[in-house]
Structures are given as structure tokens and as C-alpha cells.
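One structure is given below, encoded as C-alpha cells.
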Amino acid sequence: MPAKELEQPCTNCKDAEFEITVRQKNLCQPCYKSFVGQKVVGRLIHYRPHGRDHAPHKLLLPVSYGVSSSVLMHVLHADRQRRLDAGRLVGYDVHVLVIDPSTISATDESFDHKFKLMQTTYPAYTFSCVPFHGIFDHDVEVEEIMQEYAGPHFKDNKSLSNEERLTAFRSSISTATSQADIDTILLTRLVVAFAKKSGCQSVIWGDSDSRLAAKALAVVAKGRGASLTWQVSDGMSPWGLKFEYPLRDLYKAELHQYESICPELSDIIIPEQAPSENVLTKNLSIDELMLRYVQSQGAKYPGVMANVARTANKLDSSTSGSAATCALCAGLLGNTEGNTGVTVSNQAQDNQSSQFCYGCMRSRPDELC
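Counting along the sequence shown from 1, when you hit position 320 you're at 315 in the numbering used here, and nothing is skipped either side.
Next comes the structure, spelled out in C-alpha cells:
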């Protein structure tokens, strides 16, 4: 009996009706999952095992319950299972780190059920959950740096809980852009400190092509252009760990399509809120402005937005490992021999200010700038 003729077969396999159109191809669900998986795994090909005695690389994956990091977690787990089912070796182990979202932004919602669900759904991973204020426990240098950064008007009261101490420091930063900027730096420091304590060699970030394009524009606008070589590009970071972005060849919209065909992710991912049109531009951070711009323009000109991140990824760091770096963000300091970054003006050259780069100086409390 002849097989049923398909009305609109999948472009790749020809064995099923297509369900998703991506980059001018009509794909069925399995082929679309394969398309996304190849894009991700291809970025981690250098972690392939070299013999059965080769110890797997240990990678740290920060997961925020957002679509990008959650999809990355799912794709890597599926690839691991596929390799094991085929009797092949897996060249890396993944340690998933969740920084409790309720400790980053004020909310009464508990995310414990999502964390437990992830542990059940992806048993091959090691999971850890830490609060944002856990930075004091993992990064021994941060409290001294925060005090010096905030200046004499800020007093770190160690009799308070770590949560209250961190809240007081974050409250000392005035503008939306500066607050978002400092939060990003502190979150990065926490991730790096945890990775080192856990013996991880690399951090794999769940940033899509769209997110990397927005970050590239924001980083430059905030005076941190010299850090593009590790904030947007794959490679060694000044923290002593590799930073890698396996989703860099995928658009945010494509990750949402992947989410829609993976029911396992529906209860893990926090739904994104549509950006409000009533918010004044002056009340948005540079990061939010750039992300909105890339999302709106990326829908019209995806190739142009993709070129932003791809161009930034071609940059090479020309600074030696001995160059002075910022005490807070690890970016390059100005007025340093061999430094190609932004130069800090002389008005900020006191003993404390000289520890911080131009980008961090711009985010300091108003009375110190």
C-alpha cells in the first residue's frame, strides 16, 4: 500500500509534514530540534573526548529560567543522552548554577518548584542554587572592593545580614543604567567565583545572537568597549576562565520556537513580559534600550543585527596578560602602558579611583564622579 502523500513535506527528511519555517526552510519538529542542536554542539566541538582515559571538561552553565539559558540546558542534555545511547563518550560535564531570581529583583514568588523540576527533568546534571547575596560567601574580595567603589558616603555595616548589606550597596547607585551595570558585574563575579570553587574550566552563557548584539551596543555605549573581546566573544576572560556563548548562531525568536515544541520547558521557563510602551526612555537603562532596539529591528533586518555580534566576535585582544585591570569588573584600566581602552580623565585619579576603569567610574554614585 503506497505511503500517504504529504502536502507540505519537511525540507530535510521528506518524511513528515513541516511545522516550523526557519531561514527559508520548512522543517518538522525532529529536524528543527536537530537544526538547533547542531548549531549549539558545533560551538563546543573542541570539548570532544580524546580517548576513554580523558577526563571530561567541567563546564558551568548559569540558568536564569529564561528561554535562552533553559533551551541551552535542554539541548546539551539531549546531546549527552544521544551520545550515551549510541555508546559514545561525552567530552564535558555540566554544572548548572541558578542565582535565585527572587534575590535579584523584588518578588514574592518562590522558584523552588522550578529548581526541583529541573533536577528531576535533567538528572545527568549537577545543580546548585545560590542567592545573589551569596556573593559575600563566594567572593572574598568583593566587600572591600564594594566599599572602595561606593566611597566614604557608603558604610558597609557587617552587623547586618548579607542580604541587607547587598541591598544597601545597590541602593547607593542612583541611575537605572548604573544599577543594571553594577548588578551585571556582581552577578558575573558571583558566577566566576562559584565556577572556580567548583573546579570548572569554562562558563557557557545562554546568550542568543540577539542578546549578544544588544550587549555589544550597550557595552560600547557604557564605555566598556575594550571588554567586547570576552563579554561578547568566545575565549579567555580576564577572570582566568573561558567564556563561551554556544547560542551565538541562533536568534531569540528561534529559541522561542524551540521552546514551543519542548513541553519539558514550559514549566521551567519564566514567561517574558512584553515591554511596556508607557515607560519613559529616561527611566530605562542603556541595556534595556539596546535590547528593545535589537528586538524591534531584528524582526525586520535579522541579518544586520546578526552582523553586530559577529563583527564583535572577530576582535582580538591586543593587551598582554600583565596589563592592569579594574578591581571591580576586571576590564582594562585607562592610562596604562599598552592599554587600548578608554582613558580615564585626570579628575578621577585618586587612590581609590585609580583602581577602577572608565566604565565603572561612570557608574559610581553621582557625588564621586
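Every residue, glycine too, gets a C-beta built ideally from N, C-alpha and C.
Use the C-beta contact count for Ile40: other C-beta atoms within 10 angstroms, 16 or more gives buried, fewer gives exposed.
Exposed, since its Cβ has fewer than 16 Cβ neighbours within 10 Å.
Beta-carbon within less than 7 angstroms of Phe373's beta-carbon, same chain only, minus the 5 sequence neighbours each way: which residues are those?
Outside the displayed range of the chain (-4 to 364) lies residue 373, so it cannot be described from this structure.
In the DSSP assignment, the beta strand (DSSP E) including Thr387 goes from what residue to what residue?
With the chain represented from -4 up to 364, any question about residue 387 goes unanswered, as that position is not in the structure.
Quick check on Lys217: buried or exposed, where buried means 16 or more other Cβ atoms within 10 Å of its Cβ?
Burial call: buried.
Does the Cβ of Gly336 have 16 or more other Cβ atoms within 10 Å, making it buried, or fewer, making it exposed?
Unreliable positioning characterises Gly336 in this predicted model, as indicated by a pLDDT of 45, which lies under 50. A coordinate reading is not provided.
Going by Cα to Cα distance, which pick from Leu161, Gly326, Thr121 is closest to Glu139?
Glu139 has its Cα closest to that of Leu161, out of Leu161, Gly326, Thr121.
Give me the residue from Asp244, Tyr240, Phe164 with the minimum Cα distance to Ile130.
Comparing Cα positions, the closest option is Phe164.
Output the distance between the C-alpha atoms of Tyr87 and His72, rounded to the nearest integer angstrom.
Each residue's alpha carbon lies about 11 angstroms from the other.
Pair every Cβ in the segment 255 to 267 with every Cβ in the segment 57 to 64, then say whether three or more of these pairs are closer than 8 angstroms.
As far as the Cβ criterion goes, the segment 255 to 267 touches the segment 57 to 64, which means the pair count is three or higher.
Taking 8 angstroms as the threshold (C-beta atoms), are Val227 and Ala304 in contact?
Taking 8 angstroms as the Cβ cut-off, Ala304 and Val227 qualify as a contacting pair.
Can you tell me which of the three DSSP states Lys295 falls into?
In the structure shown, Lys295 sits in a helix (DSSP, three-state: H, G or I).
In the DSSP assignment, the alpha helix (DSSP H) including Ile177 goes from what residue to what residue?
Looking at the DSSP string, the run of the alpha helix (DSSP H) that includes Ile177 is 171 to 192.
On the criterion of 16 or more Cβ atoms from any shown chain inside 10 Å, does Lys210 qualify as buried, or is it exposed?
Classification for Lys210: buried.
Could you tell me the distance, in whole angstroms, from the CA atom of Trp200 to the CA atom of Leu181?
Cα-Cα distance, rounded: 16 angstroms.
Measure the C-alpha to C-alpha separation of Asp202 and Leu245 and round it to an integer number of angstroms.
The straight-line gap from Cα to Cα measures roughly 9 angstroms.
Between Phe106 and the rest of its own chain, which residues show a CB-CB distance below 7 angstroms, the 5 nearest in sequence each way excluded?
So the list reads Tyr60, Asp95, Pro96, Ser97, once near-sequence residues are dropped.
By Cβ distance below 7 angstroms, which residues in the same chain neighbour Thr115 in space, the five residues on each side in sequence not counted?
Answer for Thr115: no residue qualifies.
Apart from the five residues just before and just after Phe149, which ones in its own chain have a Cβ nearer than 6 angstroms to its Cβ?
Result list for Phe149: Ser167, in chain order.
Taking a contact to mean a Cβ-Cβ separation below 8 angstroms, would you say Pro51 touches Pro57 in this structure?
Not in contact: Pro51 and Pro57 (Cβ atoms no closer than 8 angstroms).
DSSP on Glu267, reduced to helix/strand/coil?
If DSSP states are grouped into helix, strand and coil, Glu267 belongs with coil.
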